[in-house]
Each structure stands twice: as C-alpha cells, then as structure tokens.
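The working numbering puts the first residue of the sequence shown at 57, with every later residue one more than the last.
Heads up, the beta-carbon is just placed ideally off N, CA and C, and yes, glycines get one too.
All values derive from a computational prediction rather than experimental measurement.
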Amino acid sequence: MPELVYALICSDLIIDKDSSSTSFIRTIEHAVVPAFPATLPPIYFASLWDLEGAGTTPFSIALDLVSPEGREITLGMQEITPTGTMLHKMNFQLPGLKVEGEGKHVLAVSVKADGDWETRARLPLYVFKSQEQ
C-alpha cells in the first residue's frame with residue numbers, strides 16, 4: 057500500500073527538471089473573499105508518496121473538497137501503476153474552487169488499492185469574508 061509522505065496546498069510550485077526537486081511558493085491555509093458565493097484563485101495540491109511497499113498493483117488517488125456542511129466534490133483522481141521507483145510525486149493544479157460560505161473547508165486525500173477508499177490526509181482551507189471598513 058502506498059504511504060503518503062507529505063501533502064500541502066500552495067499558490068504555485070516549481071519543479072527543477074534536472075534534479076526533480078520541488079519548490080513550493082506561498083503555502084495556503086486560508087482565503088479571504090469579498091462576498092459569497094465566491095471562486096478562489098487557482099491553487100496547487102502537491103504530494104509525495106512512498107511506493108516502497110506498494111508492490112506492482114495499480115492504485116488510485118482522489119482529491120475531494122469537503123464544505124463546512126460536509127458536502128463532498130471530487131476535484132481530481134489519478135490511477136498510478138508503480139514502475140519500480142521508490143517515490144511518486146503527484147500534483148494537481150486546481151482551477152478556481154467554488155465556495156458557498158465561510159468556514160473550514162477540507163481537501164481530503166484518499167487512496168484506493170485493493171478495496172475501499174482510505175483517507176490519508178485532510179488539509180484545512182479556511183475561507184473568510186472580508187470585513188468592510
């Protein structure tokens with residue numbers, strides 16, 4: 057089963073072609089919008105997976121946005137076939153996420169290998185309405 061090493065959300069990322077190292081630009085934990093409903097600016101979801109014990113069986117990774125009320129929307133899904141490498145980077149560029157109200161939204165990262173989906177990380181994304189001055 058693949059193991060999640062890290063997961064984060066940021067405004068931008070840069071991947072060096074020679075070394076494959078990744079630079080994360082402006083990590084994100086909250087957003088402020090003028091009114092609701094709102095569309096957030098594009099963001100990146102970045103993750104690193106340890107495939108050492110994953111074997112050769114394909115597995116899937118899904119990313120869901122969960123509203124403060126518990127509504128889930130699948131933002132992306134990817135099937136991965138292990139190729140013998142120990143690590144796998146998986147990044148999603150997310151266009152403007154639509155939010156209906158204030159509160160703690162969650163980006164939930166799940167993996168499915170041989171059965172049911174299993175949540176591996178829940179990244180909070182707090183959304184606030186700007187205060188009029």
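Going by beta carbons, P93 and V155 fall inside the 8 Å limit. Excluding five sequence positions before and after P124, the CB atoms of its chain that fall closer than 6 Å to its own CB belong to G159 and K160, given in chain order. Within 10 angstroms of the beta-carbon of I129 lie fewer than 16 other beta-carbons, which makes it exposed. Given a length threshold of 4 residues, the segment 83–169 has no whole run of the alpha helix (DSSP H) inside it. A distance below 6 Å between beta-carbons, with the five flanking residues on each side excluded, links S103 to the following residues of its chain, in chain order: A63 and M146. The beta carbons of S79 and I65 sit no closer together than 8 Å.
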